[in-house]
Structures are given as structure tokens and as C-alpha cells.
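Residue numbers for the sequence shown follow full-length UniProt numbering, so the first one is 1 and each next one is one higher.
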Amino acid sequence: MTGFGKSVEQLPSKKITIELKSLNSKSLDLNARIPSSYREKELGMRKTIASALVRGKVDFSLYIEATAEETSTVINKAVVKQYMRQLRDIEPEAKDVELLKMVIRMPDALKTEREEIDEKEFEVIEKALLHAIKELNEYRLEEGKVLEQDFLLRVQNISNILNSIIEIDDERMASVKERLRTALDTLKEKVDENRFEQELIYYLEKFDITEEKVRLANHLDYFSKSLHSEDSNGKKLGFITQEIGREINTIGSKSNYAPMQQLVVQMKDELEKIKEQLLNVL
């Protein structure tokens, strides 16, 4: 599911900002951007995010901004002096200021001292991460409420179409019988009535959709009930959707009646909309 969470913490000399962004994905795909000095803590932060978010293409960003007069980058004096001497040998008349501008851009003129992780500072980072996760999940929850209403609407639409199918089923069976009788009449052969009744029963059984109608209604009801589960149930809803599709397809293949096939197409359209939105469900 999509979502966004952000947390900002201000320390005496640093500003810590954490951002989390989640897009739809069938599994967890976590991309982390953090300062190199915190790489040893990356695995733990990844586990925290994974256990809380479960699924989604997640971008995690940690920004550390110095707000006081301190820096871990210093001038490598010995290297700078050596560069200056070499440049004076090449161009004795050059001004020191000009040479210094050149030297400062040369390799190893600056060096960054590796900072040890301050555990108290990292506790603040962990707190900020949990806050960003909470904010993202609240965003997801609001989206989930909208999706729930859409799912219930689609399921109700399929149920209404199923009722229309039930209403025309007797008409369909009468049409099937009439077509069989007409086909036999065109052969202009005497038909044994008993044999005709046996064949008719055989074909009507093949076209009977009573079981499919009952199972489809049960699957729709189960889908609606599963929406209110407290657990993460996206995969479960996906399985139920597959069963709904199977029953709809079987009704379509057995219908042999244009008005009913048109209704089946409408049900498939509603089901496809459900499948598209299920990608947003954990």
C-alpha cells in the first residue's frame, strides 16, 4: 500500500530527519539511504521497518544535518604543505592564495575522520524511525478504509448481477430445451420420446449452474467477512478472488445463452477492478 511518514528530531548540534515512502508491491522491497557512519546500524533498522510494514516498495532515508560549528572533515596539513612546495617549484611567481585554491581540490587535501556512533544519539534515531513508521501506517489505514468501501461496492455489484442470472436461469433452460427440439425437428426424423428425454436430461445437467450459483454467493459472503479481519489478509483475499473468478468462468462456459453471458462479462469486469485494488492490500 502507498504511504508516507516523516519524523524530525533536533539535537544540540544535529538535526535528524527520517523519511519513509511506500508504494505498491507484492513483497517487501526496501531501499535505504543512510550516512556511511551509520552503516553498522542499517541491518537493525531494516528489520524494524520490515516487521512493521510487511509489504511494499519502501524508500527509507536518514539525513543528519550539523547545526553547530563542528565538522568531522579537517585539512590534511602535511599534504597541503607538500602540494604548495611542489607548485612553487613549478610557478615561483604565483600567489599563495591562488595556489591554495588549487591545492584544496587535490586528492587527500581534506580528510574525514570517522565518528563513533553515539548510542544516545542513535536512540533518538530509533525513536524517530518508529514515529515515521507510525505515521506511514496511519496513512495506509486511511487508504485502506477507502479501499474497503470500494471492495464492498464491487462485491455487492457482483451479487446483484448474480441475482439477475438467477432470475433468467429458468428462461435460459427453456431456451436450451427449445433449441434442442428445433435441432431435432430439422433432421426430419422420427425421434423416440424416451430417448429424447434421456438426452435432454443429459444436456440439461451439463448446462446446470445451481452449484456454481451457490458457491459464488458463498465466496462473495466470505470475501466481505474477511475484509473485517484484524490480521493482514491481502493474500487471503487474493485466494478468495481466484475462487470467485473460477465460479464466474464456469457459469459463463455453461450458460450457452447470450443474455446470461452478457451478465457474466459484467461480473468479470467488477472482479478485475477488485484484483487491481488488491495489490494495495497487505
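From the three backbone atoms N, C-alpha and C, an ideal C-beta is built for every residue, glycine too.
Which residues DSSP lists as bridging residue i, in chain order
i	result
Gln10	Lys15
Lys57	Leu23, Asp29
Glu205	None, per the DSSP bridge assignment.
Phe122	Phe122 is not bridged to any residue.
Gly44	The partner list for Gly44 (beta bridge, DSSP) is empty, contrary to what the question assumes.
Ile75	Leu110
Glu65	Lys15
Gly5	Leu20
Option nearest residue i by Cα separation, candidates the options
i	options	result
Arg215	Ile166, Gln10, Val58, Glu243	Glu243
Ile125	Gln266, His228, Glu9	Glu9
Asp108	Gly234, Lys81, Thr250	Lys81
Lys41	Val58, Lys26, Leu28, Leu62	Leu62
Asp208	Asp170, Gly234, Lys236, Gly238	Asp170
Leu162	Leu20, Pro259, Thr17, Ala52	Pro259
residue 365	Ile158, Asn157, Gln156, Glu205	Nothing in the structure corresponds to residue 365, since the chain is present only between 1 and 282.
Ile75	Leu53, Val103, Asp89, Ile64	Val103
Ile64	Asp96, Ala52, Ser13	Ser13
residue 314	His228, Ser37, Gln262, Tyr83	Nothing about residue 314 can be reported from this structure: the residues present for the chain run from 1 to 282 only.
Leu129	Gln266, Asp221, Ser51, Gln261	Ser51
Arg105	Tyr83, Gln198, Phe4	Tyr83
His219	Gln266, Ser164, Gln156	Gln156
Nearest-angstrom Cβ-Cβ length linking residue i and residue j, presumed shorter than 8 Å
i	j	result
Thr2	Leu23	6 Å
Ala94	Lys6	Rounded, the Cβ-Cβ distance is 50 Å, inconsistent with contact.
Leu237	Ser226	6 Å
Ile158	Leu271	7 Å
Glu143	Asn280	7 Å
Ser224	Leu152	6 Å
Run of the alpha helix (DSSP H) containing residue i, from where it starts to where it stops
i	result
Pro259	258-278
Lys213	210-226
Asn249	234-255
Glu98	96-103
Short Cβ contact (8 Å threshold) for residue i with residue j
i	j	result
Glu212	Glu247	yes
Leu282	Arg33	no
Val264	Gly245	no
Ile274	Arg154	yes
Arg46	Leu20	no
Glu138	Leu11	no
Thr67	Lys15	yes
Ser25	Lys57	yes
Leu28	Leu53	yes
Tyr257	Ser175	yes
Leu147	Phe4	no
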